[in-house]
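Protein chains in written order, with my numbering: chain A, 1 to 187; chain B, 1001 to 1187.
There are 2 protein chains.
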Amino acid sequence: MAKNRKIDMVILGLLSHESLTGYDIKKRIDGAIRFFWKGSYGSIYPALAAMETQGLVTRAAETDSDGGSCGREKTAYAITDNGRQALLRWLNDGKASNDMKYETLLKLFFGGSADIATSIDNIQRFGVEIRDELRLLRVYQDNLSGTIGDKEHLHYYLTVTFGIETYEAYLRWCAEAIQTLTDAERQ
Amino acid sequence: MAKNRKIDMVILGLLSHESLTGYDIKKRIDGAIRFFWKGSYGSIYPALAAMETQGLVTRAAETDSDGGSCGREKTAYAITDNGRQALLRWLNDGKASNDMKYETLLKLFFGGSADIATSIDNIQRFGVEIRDELRLLRVYQDNLSGTIGDKEHLHYYLTVTFGIETYEAYLRWCAEAIQTLTDAERQ
DNA sequence: AAATGATATATCTGTTTGATATATCTGTAT
DNA sequence: ATACAGATATATCAAACAGATATATCATTT
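Written out as structure tokens, the structure reads:
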């Protein structure tokens, strides 16, 4: 049987707050979640269909937003009780795979085959990206800092501080690594 | 055509130092590389076959180690000049995708649906894993610290310091997050 | 001689990515 | 009004990938 689909839990987690369409789910994943997970339409829509069959989600009422005339086709999904149980089982199963795929580090690992200037350039590009993301994370942090009395917001907040502290460490490393390589370049 | 296979560059990078079998390649990936990339047999063997067709790698001589009698079947691959060029093009193309898939953070993000004790437990498990990995990285660091005058070793060294500084940041965050959640649990 | 565990190659199933196709709706400029 | 750009929405496909498993050989111990 199936049951190795991690995306299921992302979807159930999002639906535990509100009913959403596949498109909405993709937008949520591309928001605050993208710092530690990602998902594509190619996994979201099939997962929704499979979970509907399994009774973990159902199609929610399809009113168009303003109750106006015949709105466009739009399928929102809602979580079921079975879905909530599945989500809780996952939260409590004590297992978690944590994997990076950092192409920048891969390029650095094999950077001995190229010029040192290439490695410096690759690290600099990485640093620019991280700086941009860090700026965004700090906006998230500011927006959340008033409401961490709420249990849910506190959990969001902790994932944001994880991102911030991690990215700050990246930037410190970038500076050191560039310095080290620059020194090596000058012999 | 194909050409979105990132694993190709891992394999070419490894083969640029020495000829290796698919099994050897897997072992290398599970070594120092696993901190920022991973690969499975299901991607390695097909990639080797495809790259042989493309002329990026060739089958190397298949002697059994001691020149003894008829050794067991064993297919080592060597990089070609075209392979080296492909590796260099990749190192210099200025593109890199850097993505995490951290299930622990996902569980924390949706942790509002469970007990705070569950979140604390999930963070603690993460911390234990990271502490173990960090110990290993420090061994790598010690082994390399004498030879960073060598350009290749210097590059390895920088990927190790990336891991160390990142993991140290994780551990600081773990301690803070557990403290925050413990306080919240007590109200 | 038998058992065990490491080495070695390969394949299979299911999942996921990344790209693309199709179409509708909304706001804006002409 | 209308044309258009850009956002919304659903869906699908090929290629890439993970994780598990099957098979077999070799080296070492028992």
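Heads up, the beta-carbon is just placed ideally off N, CA and C, and yes, glycines get one too.
Given the structure is predicted, the values throughout are model-derived calculations rather than measurements.
- Going by DSSP, Ala78 (chain A) is part of no alpha helix (DSSP H) but of the beta strand (DSSP E) stretching over 76 to 79.
- By alpha-carbon distance to Leu1134 (chain B), the top candidate from B:Ile1148, B:Ile1164, B:Cys1174, B:Ala1050 is B:Ile1164.
- Exclusion of the five residues before and after Ala1096 (chain B) leaves no residue of its chain whose Cβ lies closer than 8 Å to its Cβ.
- CA-CA distance, Ala49 (chain A) to Leu88 (chain A), rounds to 21 Å.
- Put simply, of A:Lys38, A:Tyr140, A:Ile116, A:Val10 the residue whose alpha carbon is nearest the alpha carbon of Lys1151 (chain B) is A:Ile116.
- Counting along the chain, Arg28 (chain A) sits inside no beta strand (DSSP E); it lies in the alpha helix (DSSP H) bounded by residues 22 to 29.
- For Gly111 (chain A), the closest Cβ of chain B is nearer than 8 Å.
- About 6 Å separates the Cβ atoms of Leu144 (chain A) and Val160 (chain A), confirming a contact at the 8 Å cut-off.
- Ranking A:Thr166, A:Leu158, A:Leu136, A:Ile79 by CA distance to the CA of Thr53 (chain A) puts A:Ile79 first.
- Chain-order list of chain B residues neighbouring Met100 (chain A): Phe1036, Met1100, by C-beta distance under 7 Å.
- Closest option to Glu1185 (chain B), judged by alpha-carbon separation, among B:Ala1169, B:Arg1125, B:Ile1120: B:Ile1120.
- Within the stretch 1106 to 1138 of chain B, those residues whose Cβ lies closer than 9 Å to any Cβ of chain A are, in chain order, Leu1106, Lys1107, Leu1108, Phe1109, Phe1110, Gly1111, Gly1112, Ser1113, Ala1114, Asp1115, Ile1116, Thr1118, Ser1119, Asp1121, Asn1122, Ile1123, Arg1125, Phe1126, Glu1129, Ile1130.
- According to DSSP, residue pairing for Asn1004 (chain B) in a beta bridge does not occur.
- In the structure shown, the three-state DSSP call for Asp1121 (chain B) is helix.
- Ranked by Cα distance from Tyr102 (chain A), the first of A:Phe126, A:His155, A:Asp81 is A:Phe126.
- With three or more CB-CB distances shorter than 8 Å, the stretch 1105 to 1115 of chain B counts as touching the stretch 11 to 18 of chain A.
- A straight line joining the alpha-carbon of Ile1007 (chain B) with that of Gly1042 (chain B) spans about 11 Å.
- A Cβ-Cβ separation of about 16 Å leaves Val57 (chain A) out of contact with Ile29 (chain A) under the 8 Å criterion.
- Sequence-distant Cβ neighbours of Leu154 (chain A) in its own chain, meaning closer than 6 Å and more than five residues away, are Ile148.
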